[in-house]
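A.B. asks:
Residue numbers (the numbering used here): 11 to 364.
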């Protein structure tokens, strides 16, 4: 039934865990937002004033972005599809930060601005995580529009900063509103800039939203919730979400997400529709309701039938008939889940209809 509603179940415990989840934690990019980012601004720093340097920066950006599955990198790669990619060496991805490689005897990085700027400052120690000191310059920072920022730089510092903007998924607000109406705690944990995260949180009415987080910080945040007794459902789509998805009580990945996020997940939203998660939650609650009914009936039958058989009130054939009828009742009750689709047009209070 879940598969017909676009939800693939990879692990059996997911149904019960989803029904019992008290906290729903969401990533931002590609989860609450569509992940269809577009580059809206490109600002070169004073280190890239020459046209030749700017062209080299774009070539390196194209090469590094094409090597990553992160939504920001894919958007950059698409926008630079007409650029010739530089032949870079030792390309590797650093989770939560970006891509790095060697080119023309220098180290290059594409990703979080503070991490890119740290290349220049490594002699004096890494730049503090989350700072925006990596911006090209004071006057250039003021010219940047609101959005997710990705920087490219080398040992000289940041050469170019890209600003990308994304759109909320059309069903994101409906899902968040539904969860909050059920008394669920909704949280957003993102590696994006805090200002961008706060803006999305305000649109969705999410009170607990944290930006600028590394994969380790996301992991620690979910672990702290669990240590306080929370049953956590984590929804994410990126490579950076792998550790926290493995930790969550029930992990949910978007169908368009990175393969590693899907392998670490218990459920996959194949259609990339957040309202499919709402229906999955409702059906999971109803499934647990049916299970409790069936266990109750089985307990009642055995409490009555076993003493009766021991006392000789029931003969062997009567006990066998009674057990068969009991099994048929359990199966028939379970088949009530087939009616769920007929009544699923109303996404609220689905379980109460039964």
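In this text, a Cβ means the ideal position worked out from N, Cα and C, and glycines have one as well.
This one's a predicted model, so the numbers in the text were calculated from it and none came from an experiment.
So, using beta-carbon positions, are residue 111 and residue 127 closer together than 8 angstroms?
C.D. replies: Not closer than 8 angstroms, so no.
A.B. asks: Looking only at DSSP bridge pairs, what is residue 199 linked to?
C.D. replies: 220.
A.B. asks: Would you report the Cα separation of residue 206 and residue 46, rounded to the nearest angstrom?
C.D. replies: Distance between the alpha carbons of residue 206 and residue 46 is about 16 angstroms.
A.B. asks: Under the rule that 16 or more other beta-carbon atoms within 10 Å means buried, what is residue 353, buried or exposed?
C.D. replies: Note that residue 353 has pLDDT 48, beneath the 50 cutoff, so the model's placement of it is unreliable and no number is given.
A.B. asks: Determine, using beta carbons only, whether residue 274 and residue 252 come nearer to each other than 8 angstroms.
C.D. replies: In this structure, residue 252 lies closer than 8 angstroms to residue 274 by Cβ.
A.B. asks: Does residue 242 come out as helix, strand or coil in the three-state DSSP assignment?
C.D. replies: In the structure shown, residue 242 sits in a strand (DSSP, three-state: E or B).
A.B. asks: Buried or exposed: where does residue 164 fall if 16 or more other Cβ atoms within 10 Å of its Cβ makes it buried?
C.D. replies: It is buried - the Cβ of residue 164 has at least 16 other Cβ atoms within 10 Å.
A.B. asks: Using a Cβ-Cβ cutoff of less than 7 angstroms, which residues in the same chain neighbour residue 250 once the five nearest sequence positions on both sides are dropped?
C.D. replies: Counting only Cβ-Cβ distances below 7 angstroms, and skipping sequence neighbours, we find 105, 106, 201, 225.
A.B. asks: Thinking C-beta only, is residue 332 closer than 8 angstroms to residue 347?
C.D. replies: Their beta carbons are not under 8 angstroms apart, which means residue 347 does not touch residue 332 by this criterion.
A.B. asks: Between residue 190 and the rest of its own chain, which residues show a CB-CB distance below 8 angstroms, the 5 nearest in sequence each way excluded?
C.D. replies: For residue 190, where only same-chain residues beyond five positions count, the Cβ hits under 8 angstroms are 196, 215.
A.B. asks: In or out: residue 22 buried (at least 16 other Cβ within 10 Å) or exposed?
C.D. replies: Counting Cβ neighbours within 10 Å, residue 22 comes out exposed, since fewer than 16 surround it.
A.B. asks: Given residue 51, which residues of its chain have a CB within under 6 angstroms of its CB, disregarding the five upstream and five downstream residues?
C.D. replies: Around residue 51: 155, 173.
A.B. asks: State yes or no: is the C-beta of residue 43 within less than 8 angstroms of the C-beta of residue 203?
C.D. replies: No. Outside cutoff.
A.B. asks: Opposite residue 328 in the DSSP bridges: which residues?
C.D. replies: Looking at the DSSP assignment, residue 328 forms no beta bridge with any residue, so it has no partner.
A.B. asks: Residue 323 lies in the alpha helix (DSSP H); which residues open and close that run?
C.D. replies: No alpha helix (DSSP H) contains residue 323, which DSSP labels as neither H nor E.
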